[in-house]
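Written below as structure tokens is the structure these notes are about.
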Amino acid sequence: MADQNSFDVVSQLDMQEVKNAVEQATKEIRQRFDFKDSKTELTLTEKDKTLVVVSDDEYKLKAVLEILKAKFVKRNVSLKALTYGAVEPALAGTVRQTITLQSGIASDKAKEISQAIRDGKFKAQAQIQGDQVRIQSKSRDELQAVIAFLKQKDFGIDLQFINYR
């Protein structure tokens with residue numbers, strides 16, 4: 014048995030599920046009577062991980078966002094992974110809002126996570142490795158305690174725990 018056990022803390026987003034949720038929301042918007050003859054559209058850019066929502070006015074934009082949130086929840090895409098931009102006027106009297114899809118742990122959040130582990134007085138070390146944090150300890154029970162501790166804390170992002178060994 015290895016003398017060091019570890020796991021990784023990541024914040025990942027399944028882009029296929031995001032794409033499916035956007036397609037379902039688009040389909041529902043096309044079918045709904047209150048969006049008939051409206052200039053509502055959803056544009057997902059996978060490379061930039063952004064979603065642009067355009068609608069006639071702010072009320073319809075909010076309704077589109079509610080539909081989108083419901084589809085994300087059904088598809089197990091965390092709403093914490095969404096960062097909403099400001100509502101801005103667009104062409105022909107429409108309004109636009111850009112939503113950034115958060116994937117990976119930012120360096121300031123990674124520092125916050127490792128500081129929380131140190132403050133929790135665990136016998137574990139946290140290493141920041143790019144957009145993830147690796148937690149190492151000799152005791153698997155200690156790692157389980159760290160996972161339970163991190164699940165209780167709210168860092169403002171969705172956390173997953175992978176590569177437990």
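Counting in the numbering used here, the sequence shown runs from 14 upward without gaps.
Beta carbons are placed, not taken as given, at the ideal position from N, Cα and C, and that holds for glycine.
Nearest residue (CA-CA) to residue i, options the options
i: V67; options: K84, P102 and R45; result: P102
i: Q8; options: L92, K151, K124 and D61; result: Here the chain has residues from 14 to 178 only, and residue 8 is not among them.
i: N18; options: K164, Q165 and R147; result: R147
i: A80; options: K93, D61, V100 and F48; result: Residue 80 is actually Ile in this sequence, not Ala. Of K93, D61, V100 and F48, the residue nearest in Cα terms is F48.
Cα-Cα separation, residue i to residue j
i: E151; j: F168; result: The sequence given here places Lys at residue 151; Glu does not occur at that position. Each residue's alpha carbon lies about 26 angstroms from the other.
i: S91; j: D171; result: 7 angstroms
i: G106; j: T96; result: 24 angstroms
i: K40; j: V159; result: 42 angstroms
i: M14; j: Y177; result: Confidence at M14 is low in this model, with a pLDDT of 48, below 50, so the placement of that residue should be treated as unreliable; the coordinate-derived value is given next. For M14 and Y177, the distance between alpha carbons rounds to 14 angstroms.
i: M203; j: N89; result: No information on residue 203 is available, as it lies outside the stretch 14 to 178 that the chain covers here.
i: Q115; j: A94; result: 5 angstroms
i: Q128; j: T113; result: 26 angstroms
i: A99; j: D16; result: 50 angstroms
i: A119; j: Y72; result: 33 angstroms
i: L104; j: I130; result: 49 angstroms
i: T63; j: F162; result: 31 angstroms
i: Q44; j: L55; result: 15 angstroms
Span of the alpha helix (DSSP H) around residue i
i: Q128; result: S120 to D132
i: F85; result: E71 to K87
i: L163; result: R153 to Q165
Beta carbon of residue i nearer than 7 angstroms to that of residue j
i: K82; j: A34; result: no
i: E155; j: K136; result: yes
i: Q145; j: V23; result: yes
i: V77; j: T53; result: yes
i: Q149; j: Q157; result: no
i: L57; j: V108; result: no
i: Q173; j: Q37; result: no
i: S51; j: D70; result: no
i: I126; j: D21; result: no
Residues bridged to residue i (per DSSP)
i: R147; result: D21 and Q140
i: I42; result: BP columns for I42 are empty, so no partner.
i: V100; result: Q110
i: L95; result: L114
Residue i, enclosing beta strand (DSSP E) - first and last residue
i: Q7; result: The requested residue 7 is not part of the displayed model; the chain covers only 14 to 178.
i: I175; result: Q173 to I175
i: E54; result: E54 to T58
i: T107; result: T107 -> no beta strand (DSSP E), and no H or E assigned at all.
i: L64; result: T63 to S68
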